[in-house]
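Undergrad: Got a structure for you, written out below as C-alpha coordinates; questions coming shortly.
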Amino acid sequence: MTDKPVRRRLDPAVRRELILDEAARLVAEEGISAVNMERIGRQAGISKALVYNYFPSKQSLLTELLLREYNRFAAHGREAAQQATDFEELVRATTRAYFEYVDECGVLIQRLMSEPELAHVMRSADAEGRQRTVHIFIGAMVNEFGLAPELAATVTEVMMGLTGAAGEMLTRGVRNPAFMENLVVTLIMGGMKELNAEKAGTLAEV
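Mapping of the sequence shown onto UniProt numbering: position 76 corresponds to residue 76, and the numbering continues sequentially without gaps.
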(Lines of atoms letter the chains of each structure in order from A and count residues from 1; the text may use other names and numbers.)
(Lines give C-alpha, C1' and ligand atoms only; values in the text may rest on other atoms or scores of the structure.)
Protein backbone atom coordinates (compact mmCIF):
# COMPACT_ATOMS: atom_id res chain seq x y z
CA MET A 1 0.00 0.00 0.00
CA THR A 2 1.47 3.33 -1.04
CA ASP A 3 1.33 6.30 1.25
CA LYS A 4 -0.79 9.22 0.16
CA PRO A 5 1.24 12.28 -0.78
CA VAL A 6 1.46 14.75 2.04
CA ARG A 7 -0.05 18.12 1.18
CA ARG A 8 2.22 20.90 2.27
CA ARG A 9 1.01 24.26 3.33
CA LEU A 10 2.58 27.03 1.30
CA ASP A 11 4.41 29.80 3.08
CA PRO A 12 2.09 32.84 3.18
CA ALA A 13 4.63 34.97 1.29
CA VAL A 14 4.85 32.33 -1.46
CA ARG A 15 1.07 32.08 -1.74
CA ARG A 16 0.79 35.86 -1.87
CA GLU A 17 3.20 35.90 -4.83
CA LEU A 18 1.22 33.15 -6.57
CA ILE A 19 -1.93 35.24 -6.28
CA LEU A 20 -0.13 38.27 -7.69
CA ASP A 21 1.34 36.16 -10.50
CA GLU A 22 -2.11 34.96 -11.48
CA ALA A 23 -3.48 38.50 -11.40
CA ALA A 24 -0.57 39.66 -13.57
CA ARG A 25 -1.26 36.92 -16.11
CA LEU A 26 -4.94 37.85 -16.34
CA VAL A 27 -4.24 41.56 -16.73
CA ALA A 28 -1.60 40.99 -19.41
CA GLU A 29 -3.63 38.46 -21.39
CA GLU A 30 -7.21 39.66 -20.96
CA GLY A 31 -7.23 43.06 -19.28
CA ILE A 32 -8.32 44.52 -15.95
CA SER A 33 -11.93 43.43 -16.38
CA ALA A 34 -10.88 39.77 -16.35
CA VAL A 35 -9.61 40.04 -12.79
CA ASN A 36 -11.95 38.82 -10.08
CA MET A 37 -11.19 37.16 -6.78
CA GLU A 38 -13.08 33.95 -7.51
CA ARG A 39 -11.28 33.35 -10.80
CA ILE A 40 -7.88 34.13 -9.31
CA GLY A 41 -8.54 31.71 -6.46
CA ARG A 42 -9.62 28.99 -8.86
CA GLN A 43 -6.54 29.43 -11.05
CA ALA A 44 -4.25 29.54 -8.00
CA GLY A 45 -5.90 26.45 -6.49
CA ILE A 46 -7.30 28.21 -3.43
CA SER A 47 -10.67 29.50 -2.30
CA LYS A 48 -11.98 32.98 -3.01
CA ALA A 49 -12.17 33.51 0.77
CA LEU A 50 -8.45 32.81 1.08
CA VAL A 51 -7.68 35.33 -1.67
CA TYR A 52 -9.62 37.90 0.37
CA ASN A 53 -7.51 37.01 3.41
CA TYR A 54 -4.47 38.31 1.53
CA PHE A 55 -6.15 41.14 -0.36
CA PRO A 56 -9.34 42.66 1.07
CA SER A 57 -10.40 44.00 -2.33
CA LYS A 58 -9.63 43.85 -6.03
CA GLN A 59 -8.31 47.39 -5.71
CA SER A 60 -5.77 46.42 -3.05
CA LEU A 61 -4.68 43.44 -5.14
CA LEU A 62 -4.10 45.53 -8.26
CA THR A 63 -2.35 48.24 -6.26
CA GLU A 64 0.15 45.76 -4.81
CA LEU A 65 0.62 44.19 -8.24
CA LEU A 66 1.44 47.56 -9.78
CA LEU A 67 3.94 48.39 -7.04
CA ARG A 68 5.55 44.96 -7.29
CA GLU A 69 6.09 45.24 -11.02
CA TYR A 70 7.41 48.78 -10.78
CA ASN A 71 9.81 47.90 -7.96
CA ARG A 72 11.15 44.95 -9.96
CA PHE A 73 11.82 47.24 -12.89
CA ALA A 74 13.43 49.88 -10.66
CA ALA A 75 15.71 47.30 -9.03
CA HIS A 76 16.77 46.01 -12.46
CA GLY A 77 17.61 49.56 -13.55
CA ARG A 78 19.62 50.30 -10.40
CA GLU A 79 21.60 47.09 -10.83
CA ALA A 80 22.39 48.01 -14.43
CA ALA A 81 23.49 51.50 -13.36
CA GLN A 82 25.78 50.18 -10.62
CA GLN A 83 27.68 47.98 -13.07
CA ALA A 84 28.48 50.82 -15.49
CA THR A 85 32.08 52.06 -15.45
CA ASP A 86 31.58 55.27 -17.44
CA PHE A 87 28.81 57.55 -18.66
CA GLU A 88 28.26 55.82 -22.01
CA GLU A 89 27.95 52.44 -20.30
CA LEU A 90 25.52 54.00 -17.84
CA VAL A 91 23.34 55.31 -20.67
CA ARG A 92 23.46 52.03 -22.57
CA ALA A 93 22.84 49.81 -19.55
CA THR A 94 19.90 51.81 -18.22
CA THR A 95 18.39 52.20 -21.69
CA ARG A 96 18.61 48.46 -22.26
CA ALA A 97 17.09 47.76 -18.84
CA TYR A 98 14.19 50.07 -19.65
CA PHE A 99 13.58 48.44 -23.03
CA GLU A 100 13.66 44.98 -21.44
CA TYR A 101 11.04 46.19 -18.97
CA VAL A 102 8.88 47.54 -21.78
CA ASP A 103 9.20 44.25 -23.65
CA GLU A 104 8.35 42.06 -20.66
CA CYS A 105 5.91 44.18 -18.66
CA GLY A 106 4.86 47.08 -20.85
CA VAL A 107 1.34 45.83 -21.56
CA LEU A 108 0.79 44.85 -17.94
CA ILE A 109 1.91 48.21 -16.55
CA GLN A 110 0.02 50.18 -19.20
CA ARG A 111 -3.21 48.35 -18.42
CA LEU A 112 -2.80 48.85 -14.70
CA MET A 113 -2.00 52.51 -15.25
CA SER A 114 -5.20 52.93 -17.27
CA GLU A 115 -7.17 52.56 -14.05
CA PRO A 116 -7.65 56.06 -12.54
CA GLU A 117 -7.66 54.62 -9.02
CA LEU A 118 -4.17 53.18 -9.57
CA ALA A 119 -2.58 56.08 -11.45
CA HIS A 120 -1.87 58.07 -8.28
CA VAL A 121 -0.03 55.07 -6.78
CA MET A 122 2.28 54.91 -9.77
CA ARG A 123 2.84 58.66 -9.82
CA SER A 124 4.05 58.54 -6.23
CA ALA A 125 6.33 55.52 -6.78
CA ASP A 126 7.61 56.87 -10.07
CA ALA A 127 8.44 60.25 -8.54
CA GLU A 128 10.72 58.58 -5.99
CA GLY A 129 12.37 56.31 -8.56
CA ARG A 130 12.75 59.15 -11.04
CA GLN A 131 14.51 61.28 -8.45
CA ARG A 132 17.01 58.52 -7.71
CA THR A 133 17.71 58.14 -11.43
CA VAL A 134 18.17 61.90 -11.83
CA HIS A 135 20.75 61.96 -9.01
CA ILE A 136 22.71 59.08 -10.58
CA PHE A 137 22.93 60.82 -13.95
CA ILE A 138 23.66 64.24 -12.50
CA GLY A 139 26.54 62.78 -10.51
CA ALA A 140 27.92 60.99 -13.58
CA MET A 141 27.78 64.13 -15.75
CA VAL A 142 29.36 66.32 -13.10
CA ASN A 143 32.17 63.83 -12.50
CA GLU A 144 32.90 62.83 -16.10
CA PHE A 145 32.13 66.01 -18.03
CA GLY A 146 32.37 68.71 -15.38
CA LEU A 147 28.86 70.03 -16.07
CA ALA A 148 27.23 72.32 -13.56
CA PRO A 149 24.60 70.38 -11.55
CA GLU A 150 21.78 72.63 -12.83
CA LEU A 151 22.70 71.93 -16.46
CA ALA A 152 23.18 68.23 -15.73
CA ALA A 153 19.67 68.10 -14.25
CA THR A 154 18.21 69.67 -17.41
CA VAL A 155 20.12 67.26 -19.64
CA THR A 156 18.91 64.31 -17.56
CA GLU A 157 15.26 65.31 -17.95
CA VAL A 158 15.70 65.55 -21.74
CA MET A 159 17.47 62.18 -21.80
CA MET A 160 14.69 60.50 -19.84
CA GLY A 161 12.11 61.96 -22.21
CA LEU A 162 14.05 60.60 -25.19
CA THR A 163 14.31 57.13 -23.69
CA GLY A 164 10.62 57.13 -22.77
CA ALA A 165 9.63 58.11 -26.31
CA ALA A 166 11.82 55.34 -27.74
CA GLY A 167 10.23 52.81 -25.37
CA GLU A 168 6.75 53.89 -26.46
CA MET A 169 7.74 53.35 -30.09
CA LEU A 170 8.89 49.84 -29.22
CA THR A 171 5.46 48.99 -27.80
CA ARG A 172 4.00 49.93 -31.19
CA GLY A 173 6.44 47.65 -33.00
CA VAL A 174 8.48 50.48 -34.52
CA ARG A 175 12.00 49.23 -35.22
CA ASN A 176 13.64 46.79 -32.78
CA PRO A 177 15.25 47.13 -29.33
CA ALA A 178 18.86 46.90 -30.58
CA PHE A 179 18.32 49.67 -33.14
CA MET A 180 16.52 51.91 -30.65
CA GLU A 181 19.18 51.32 -27.98
CA ASN A 182 21.95 52.37 -30.37
CA LEU A 183 19.91 55.36 -31.52
CA VAL A 184 19.31 56.61 -27.98
CA VAL A 185 22.97 56.15 -26.99
CA THR A 186 24.19 57.87 -30.17
CA LEU A 187 21.90 60.87 -29.68
CA ILE A 188 22.77 61.28 -26.01
CA MET A 189 26.51 60.87 -26.43
CA GLY A 190 26.45 63.22 -29.43
CA GLY A 191 24.72 65.80 -27.28
CA MET A 192 27.28 65.39 -24.51
CA LYS A 193 30.13 65.93 -27.00
CA GLU A 194 28.49 69.14 -28.18
CA LEU A 195 28.11 70.37 -24.61
CA ASN A 196 31.75 69.55 -23.97
CA ALA A 197 32.82 71.46 -27.08
CA GLU A 198 30.73 74.48 -26.07
CA LYS A 199 32.21 74.39 -22.56
CA ALA A 200 35.75 74.17 -23.96
CA GLY A 201 35.04 77.13 -26.26
CA THR A 202 33.69 79.20 -23.41
CA LEU A 203 36.76 78.50 -21.29
CA ALA A 204 39.06 79.40 -24.19
CA GLU A 205 37.35 82.80 -24.48
CA VAL A 206 37.87 83.61 -20.81
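Backbone N, C-alpha and C define an ideal beta-carbon position, used for all residues, glycine too.
Which class does P56 belong to by DSSP, given the choice of helix, strand or coil?
TA: Three-state result, P56: coil.
Undergrad: If we count the other Cβ atoms within 10 Å of its Cβ and call it buried at 16 or more, is V51 buried or exposed?
TA: The residue is buried, with at least 16 neighbouring Cβ atoms inside 10 Å.
Undergrad: Would residue 220 pass as a contact of I19 if the rule is Cβ separation under 8 Å?
TA: Shown here, the chain extends from 1 to 206; a query on residue 220 therefore has no answer.
Undergrad: Hey, which unbroken runs of the alpha helix (DSSP H) at 4 residues or more fall wholly within the segment 35-79?
TA: DSSP runs (the alpha helix (DSSP H)) wholly in the segment 35-79: 37-44, 48-54.
Undergrad: Counting pairs of beta carbons, one from the segment 123-137 and one from the segment 68-75, are three or more of them closer than 8 Å?
TA: A contact exists between the segment 123-137 and the segment 68-75.
Undergrad: Mind checking which residues open and close the alpha helix (DSSP H) that includes V142?
TA: 116-145 is the span of the alpha helix (DSSP H), which, as asked, contains V142.
Undergrad: In the structure shown, what three-state DSSP assignment does G173 receive?
TA: Here G173 sits in coil by DSSP.
Undergrad: Looking only at its chain, what residues have a beta carbon closer than 8 Å to the beta carbon of A24, apart from the 5 residues adjacent to it on each side?
TA: Excluding positions up to five away in sequence, the list reads L65, E69, L108.
Undergrad: Which whole-angstrom value is the C-beta distance of V121 and M141, which I expect to be below 8 Å?
TA: At roughly 31 Å, the Cβ-Cβ gap does not stay under 8 Å, so V121 and M141 are not in contact.
Undergrad: Using a Cβ-Cβ cut-off of 6 Å (strictly less than) and excluding sequence neighbours within five positions of A84, which residues of its own chain qualify?
TA: Counting only Cβ-Cβ distances below 6 Å, and skipping sequence neighbours, we find L90, A93.
Undergrad: Quick check: V27 and L112, are their CB atoms within less than 8 Å of each other?
TA: Yes; because the gap between Cβ atoms is below 8 Å, this pair is in contact.
Undergrad: Classify L10 as helix, strand or coil using the three-state DSSP reduction.
TA: In the structure shown, L10 sits in coil (DSSP, three-state: anything other than H, G, I, E or B).
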